[in-house]
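Q: This is the structure, below, for whatever I ask next.
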Amino acid sequence: MRKQLLILSAMLFMGATVNAQLFTMSNKCFDRVKNGRKQLDSLKYEEALAIFNEVISKCNSKDAKLEGNLGKARALNGLHKYDEAITCATTAISASKNSNVMAYYTRSYAYQKINRPDDARKDLQRVTELTTKNQNVKARATMFAAMADIDFQEGMKDSAISNLTKAIELDPSNPSFYIQRGDMYIKEGNYADAFVSYDKAVAKGKTDLDMYQIRTNARIKQVQQKYGTDNANTLAQKMTAEEKTMVCAELKKANELGMRNMQLDLFSTMICK
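When we follow numbering that gives the first Met the number 0, the leftmost residue of the sequence shown carries the number 0, and every step to the right adds one.
In structure tokens, the structure reads:
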């Protein structure tokens, strides 16, 4: 889910550059494009797909071809039809003379989903080049973070850390990057550094339920791995007082923010006495 939000964030940052490209489209076609984007923003992918199909079939300008295929590619990604999304995104890239940031990013996302990381990375690199030219710092930072995610999945840890570090340097106020770095540490079993990153995300304003669910799950995973069990009774007997304090503090905060999870409630009953 957080990866999807990262992608959506990137698209929103880049969306501001798209409107300036709509020079040749009629008002009626432009309204269709805006309506299609609205459906995408509401995650109504079937409705968006139908609208962008109309744009392609009924609007003849170059901009309509670009926006119709780009919108269609995004809708197809939402519907998990990644091969079709790649075809449409490629058409949009061609229509833009290889210059549309969102088209490259949309195709990169589809490549990633069908396990073509090299192609995904190439498109993200192109996005980085284009956003550098446009001086869109936040979008460029998000691209580095997305590349870091792909690198980490492929076992390229040094490259992943390098790209994520670039993202943080470009946009240090974005808490999502610190969460991403913390998640990387969790996957390596490095809980101390993970919580340093999570604490920074909190300091940057990420204090919602999602943040404390992440922290709670990480603390529980930490003791489960340490003691080799997920049995609450066994953990209650083996955990130190300090470990119980840390786990229970995260659970309490998550519950205060509205978490509803019967398994975690049971866990809390056994551990947080």
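Ideal Cβ positions, reconstructed from N, Cα and C, are used throughout, including at glycine.
Using 8 Å as the threshold, is the segment 203-223 in touch with the segment 181-194, meaning 3 or more CB pairs across them?
A: Touching, yes, given that three or more Cβ pairs across the two stretches are closer than 8 Å.
Q: Express the C-alpha separation of E45 and S60 in angstroms, rounding to a whole number.
A: As a working mapping, residue 60 is identified with position 61 in the sequence shown. As a working mapping, residue 45 is identified with position 46 in the sequence shown. Whole-angstrom Cα-Cα distance: 24 Å.
Q: Return the chain-ordered list of same chain residues with a C-beta closer than 7 Å to the C-beta of L256, the five sequence neighbours on each side being excluded.
A: Within the sequence shown, the letter at position 257 stands for residue 256. These residues qualify, in order along the chain: D207, L208 and Y211.
Q: Tell me the start and end of each unbroken beta strand (DSSP E) in the segment 67-136 that is at least 3 residues and wholly inside, in chain order.
A: You should have found no qualifying run.
Q: Across the segment 225-236 and the segment 174-182, are there enough close Cβ pairs to call them in contact, namely three or more that are closer than 8 Å?
A: These segments do not touch.
Q: For the pair the segment 149-157 and the segment 126-137, tell me if three or more CB-CB distances fall below 8 Å.
A: No: the two stretches stay apart, fewer than three of their Cβ pairs being nearer than 8 Å.
Q: Apart from the five residues just before and just after Q20, which ones in its own chain have a Cβ nearer than 7 Å to its Cβ?
A: Looking up residue 20 in the sequence shown gives position 21. Residue confidence for Q20 is low, a pLDDT of 43 falling below 50, so the modelled location carries little weight; the figure read from the coordinates is stated next. Once the five neighbours on either side are set aside, the close Cβ partners of Q20 are D62.
Q: Is DSSP giving M24 helix, strand or coil here?
A: By 1-based counting over the sequence shown, the position of residue 24 is 25. The answer is coil: DSSP assigns M24 none of H, G, I, E or B.
Q: Go through its chain and collect everything with a Cβ distance to M258's Cβ below 7 Å, but skip five positions before and after it.
A: Here residue 258 is taken as the residue at index 259 of the sequence shown, counted from 1. So the list reads L208 and Q212, once near-sequence residues are dropped.
Q: Mind checking whether I55 and K71 have CB atoms under 9 Å apart?
A: Indexing the sequence shown from 1 puts residue 55 at position 56. Indexing the sequence shown from 1 puts residue 71 at position 72. In contact: I55 and K71 (Cβ atoms closer than 9 Å).
Q: Measuring straight from C-alpha to C-alpha, what distance separates E168 and I160?
A: On the sequence shown, position 169 is the one that residue 168 refers to. On the sequence shown, position 161 is the one that residue 160 refers to. Each residue's alpha carbon lies about 12 Å from the other.
Q: At which residues does the alpha helix (DSSP H) containing S172 begin and terminate?
A: Here the question's residue 172 lines up with position 173 in the sequence shown. Careful: S172 lies outside any alpha helix (DSSP H) and carries neither H nor E.
Q: Is it buried or exposed for N173, if we count other Cβ within 10 angstroms and need 16 for buried?
A: The residue you call residue 173 lines up with position 174 of the sequence shown. The residue in question, N173, is buried, as its Cβ has 16 or more Cβ neighbours within 10 Å.
Q: Could you give the first and the last residue of the continuous alpha helix (DSSP H) run that contains L263?
A: The sequence position of residue 263 within the sequence shown is 264, counting from 1. M261 to I270 is the extent of the alpha helix (DSSP H) around L263.
Q: Do you know whose CA, among A147, A202 and K165, lies nearest D182's CA?
A: Here the question's residue 182 lines up with position 183 in the sequence shown. Measuring from the Cα of D182, the nearest candidate turns out to be A147.
Q: Does DSSP put M210 in a helix, a strand or coil?
A: Here residue 210 refers to the residue found at position 211 when the sequence shown is read from its first residue. If DSSP states are grouped into helix, strand and coil, M210 belongs with the helices.
Q: Does the distance from the CB of L75 to the CB of C58 come in under 9 Å?
A: One-based indexing of the sequence shown puts residue 75 at position 76. One-based indexing of the sequence shown puts residue 58 at position 59. Against a cut-off of 9 Å, the Cβ pair of C58 and L75 comes out as no contact.
Q: If you measure between the beta carbons of E53 and R36, is that distance less than 9 Å?
A: For this step, residue 53 is matched to residue 54 along the sequence shown. For this step, residue 36 is matched to residue 37 along the sequence shown. No, these two residues do not count as a Cβ contact at 9 Å.
Q: Mind checking K96: buried by the 16 CB within 10 Å criterion, or exposed?
A: In the sequence shown, the residue the question calls residue 96 occupies position 97. That one is exposed.
Q: Does DSSP put T239 in a helix, in a strand, or in coil?
A: Translated into the one-based positions of the sequence shown, residue 239 becomes position 240. Correct three-state label for T239: coil.
Q: For L274, count neighbouring Cβ atoms within 10 angstroms of its own Cβ and tell me buried if that reaches 16, exposed if not.
A: With the chain represented from 0 up to 272, any question about residue 274 goes unanswered, as that position is not in the structure.
Q: Just to confirm before moving on: does the CB-CB distance between Y104 and D117 stay below 9 Å?
A: Here residue 104 corresponds to residue number 105 of the sequence shown, with the count starting at 1. Here residue 117 corresponds to residue number 118 of the sequence shown, with the count starting at 1. No, these two residues do not count as a Cβ contact at 9 Å.
Q: Beta-carbon within less than 8 Å of N25's beta-carbon, same chain only, minus the 5 sequence neighbours each way: which residues are those?
A: On the sequence shown, residue 25 is found 26 positions in, with the first residue counted as 1. The sequence as given places Ser at residue 25; Asn does not occur at that position. C58 and S60.
Q: Within a Cβ cutoff of 7 Å, which residues of the same chain sit near M0, ignoring the five residues on either side of it in sequence?
A: Sequence index remark: in the sequence shown, residue 0 carries index 1 (1-based). Interpretation of M0 is limited by its pLDDT of 45, a score under 50 that renders its predicted location unreliable; the figure taken from the coordinates is listed afterwards. The answer is none, since no qualifying residue turns up.
Q: Just to confirm before moving on: does the CB-CB distance between A235 and M269 stay below 9 Å?
A: On the sequence shown, residue 235 is found 236 positions in, with the first residue counted as 1. On the sequence shown, residue 269 is found 270 positions in, with the first residue counted as 1. Yes, Cβ-Cβ distance for A235 and M269 is below 9 Å.
Q: Work out the CA separation of R218 and M245 for me, nearest whole Å.
A: In the sequence shown, the residue the question calls residue 245 occupies position 246. In the sequence shown, the residue the question calls residue 218 occupies position 219. For M245 and R218, the distance between alpha carbons rounds to 7 Å.
Q: May I ask which residues mark the beginning and end of the alpha helix (DSSP H) holding N52?
A: For this step, residue 52 is matched to residue 53 along the sequence shown. N52 -> alpha helix (DSSP H) spans Y44 to K57.
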